[in-house]
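Comments concern the structure below.
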Ligand code: M6R
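Numbering (the numbering used here), first residue to last: 2 to 607.
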């Protein structure tokens, strides 16, 4: 939540900040601001409610030549409404310091009262403004020493970056809980919430650790943690600039949906040997050899749905009892951590605060943590004892698509790896493995039916409520399809086990409340057909997501088909149809597809 970006060097800072912020916009996009400083110790502060584009318009025509240091922020509001006053950067009362912040300062209310008693006047309601005023209050002529003092007083999670008007070539700040990286190329130094905002700008970056305090000045930097001066390793940026560009697609979501075939080839590479018909990977060998008796999967949102499908794979293919908990509940529930359980944390960003905090608890209590993460170098990937990357590449659209298919493919591989060493029948193992190889091509063929999916999506766009139904492997797909619809179209939808509908929710069904059932070739196909009849006989409309060889197509009002295969692999085609269905409906409704209202991609606050 919230993206921060800073620059100091010989170039004008404002255009670089605006470019960096637009790449960080996925982290929050309700308002944005910059503060730049020039060699004459002048600040220019620009703020705008809305997207970075609004800020760009606001600063256009302002002469910012010679302002070569600056900080910027794109906000997802946590404290205080979406107003210009609450927009970062925030300044000290004397106007000397400006700060941007990602995170939450938990004791801000006490600190604000203390500062008000000291005579400080606040213009907004944010916790960050408290940090700006507190810095001024603690200031003892040395930015770095004052910063150290500040970090002993504030509580919570933060990535903070300050500039000082009297030292116009300096960026300084601190990190605890929220991500922050430093990128340096020659005289040009950057700080950012996400190294991917620096793709094409620098070749290497440094990931700051919790407790780090840094200062960057004139092309040089220092990092101190617990009074110890440190040299942190540099990591290389391997992604190409195109990863951050739309190419010929109108939206990143559509681009990312189309990348799924290639993404899955990457997920399989180095793990599945299709020639030798085996799973081959050191991490998997090591994890299987540990002899875990149970699995506990912890994640949120789309990653939770992937975990829920992971449970089906692990139980059906590897005979491993598996529990799945949303990370938002895990931390505050009663945790029974034991050595026989493998704790799997699933996260696209690797920064989701709820998952990260839950992982810290398991680590502290001696549980074995395993990360299924997309972003290399992210906090969850670093804190996990071991793990697998999902290799989906940069996902820009707020709605996860390729990250999800990469996660479920990783779970399928994991379950087969465990199953291979346990009691999974070899013929079944073989048929799944052989079928897996076909998934990428199947997705690419399916994408060609997008027009038919669009027609059906447009036909149903006027309905305000939807049920998404499925069972067994197809229930998590229904859950994910429902989430896609909600976040993209702002239509209400609920996912249910199709069998569960009759236990109460069927009362909602009428001609204006359509349902979508995910009903491929599973052994529960017949039971799902009965659920369709229950809905139809109450006047409800039913859309089927079904295999092309389904003999019961006539029970649906509309249907969308995919090539029949195995229940374990059909889920990939099913979810792609639901992604496109939500995408096309959102498009028909004129929604902001890549940046749906009220959301942010990376949820770094609890
Ligand atoms: O980065 P994570 O996978 O940990 O994020 C968890 C959720 O916030 C995320 O999956 C969210 O539900 C999706 N972006 C929605 O499409």
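All C-beta atoms in this analysis are idealised placements derived from N, C-alpha and C, irrespective of residue type, glycine included.
Residue i versus residue j: straight-line alpha-carbon distance, rounded
i	j	result
residue 31	residue 304	24 Å
residue 503	residue 528	13 Å
residue 511	residue 584	25 Å
residue 64	residue 253	33 Å
residue 419	residue 319	6 Å
residue 485	residue 492	10 Å
residue 198	residue 25	6 Å
residue 19	residue 10	16 Å
residue 500	residue 536	11 Å
residue 161	residue 79	16 Å
residue 395	residue 282	24 Å
residue 165	residue 12	18 Å
residue 251	residue 593	11 Å
residue 446	residue 546	16 Å
residue 436	residue 269	12 Å
residue 286	residue 438	21 Å
residue 532	residue 298	30 Å
residue 43	residue 465	52 Å
residue 248	residue 76	27 Å
residue 337	residue 294	14 Å
residue 46	residue 27	22 Å
residue 123	residue 130	7 Å
residue 582	residue 563	14 Å
residue 242	residue 202	9 Å
N- and C-terminal bounds of the alpha helix (DSSP H) containing residue i
i	result
residue 543	Counting along the chain, residue 543 falls outside any alpha helix (DSSP H), though it belongs to the beta strand (DSSP E) covering 543 to 548.
residue 213	That residue, residue 213, is in no alpha helix (DSSP H); its beta strand (DSSP E) goes 213 to 218.
residue 88	Run containing residue 88: none; DSSP gives neither H nor E here.
residue 441	440 to 447
residue 58	53 to 60
residue 113	109 to 118
Residue i: first and last residue of the uninterrupted beta strand (DSSP E) it sits in
i	result
residue 221	221 to 226
residue 3	From DSSP, residue 3 is part of no beta strand (DSSP E); its letter is neither H nor E.
residue 102	98 to 106
residue 27	Residue 27 -> no beta strand (DSSP E), and no H or E assigned at all.
residue 464	Taken as a continuous stretch (DSSP letters only), residue 464 belongs to no beta strand (DSSP E), as it is neither H nor E.
residue 370	369 to 374
residue 314	No beta strand (DSSP E) holds residue 314; the alpha helix (DSSP H) holding it covers 302 to 319.
residue 493	493 to 498
residue 458	It is not in any beta strand (DSSP E) - residue 458 instead sits in the alpha helix (DSSP H) that spans 451 to 460.
residue 185	182 to 186
residue 344	342 to 348
residue 176	168 to 177
residue 207	205 to 208
As assigned by DSSP and simplified to three states, the class of residue i
i	result
residue 73	strand
residue 433	helix
residue 324	strand
residue 80	coil
residue 591	coil
residue 17	helix
residue 266	helix
residue 518	strand
residue 155	coil
residue 279	strand
residue 428	helix
residue 244	helix
residue 34	strand
residue 299	strand
residue 366	coil
residue 584	helix
residue 234	coil
residue 274	strand
residue 624	A question about residue 624 goes unanswered here, because the residues of the chain that appear run from 2 up to 607.
Integer Cβ distance of residue i from residue j, believed to fall under 8 Å
i	j	result
residue 398	residue 595	5 Å
residue 172	residue 207	Wrong, their Cβ atoms sit about 13 Å apart, outside the cutoff.
residue 521	residue 568	6 Å
residue 368	residue 326	At roughly 13 Å, the Cβ-Cβ gap does not stay under 8 Å, so residue 368 and residue 326 are not in contact.
residue 572	residue 409	7 Å
residue 262	residue 215	About 41 Å separates the two Cβ atoms, so there is no contact after all.
residue 515	residue 544	6 Å
residue 296	residue 345	6 Å
residue 411	residue 373	5 Å
residue 400	residue 260	Going by Cβ atoms, the distance from residue 400 to residue 260 rounds to 14 Å, so no, they are not a contact pair.
residue 264	residue 407	5 Å
beta-carbon residue i near ligand 2 non-hydrogen atom, thresh 7 Å
i	result
residue 14	As presented, the structure is devoid of ligand 2, carrying ligand 1 as its sole ligands.
Listed by chain order, which residues have C-beta atoms less than 5 Å from any heavy atom of ligand 1?
Result (chain order): 301, 302, 303, 304, 348, 349, 350, 353, 400, 401 and 604.
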